[in-house]
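Structure first, commentary second.
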Amino acid sequence: MAAGMGFGRQPYCGPVVFTGGADEDGNTLGLTEGLAEALTDLVQGLHENPARLEAIRRAALPFLDAHR
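Residues 626 to 693 (this note's numbering) are what the sequence shown spells out, left to right.
Pasting the structure below:
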């Protein structure tokens, strides 16, 4: 997900929680409808483009191998 959103400097691994950030009191906000849709579209796009998903996986291998 991170690489699909342009965060390609390092791979991120493991479970993820997407939120809408925090309000001024530090309370976690839910996702806006637009952000939820954007995340869903990103996942769908990665599923529909196995070559892109494989390129992300290959790019992460050196980092993952070094930190296993």
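By construction, the Cβ of each residue, glycine as well, lies at the ideal position given by its N, Cα and C atoms.
- As the crow flies, the alpha-carbon of D650 is around 18 angstroms from that of T657.
- DSSP, read as helix, strand or coil, puts A691 in helix.
- The DSSP-derived three-state label of A628 is helix.
- Beta-bridge partners assigned by DSSP to A647: T653.
- Per DSSP, the unbroken alpha helix (DSSP H) holding V668 starts and ends at 658-673.
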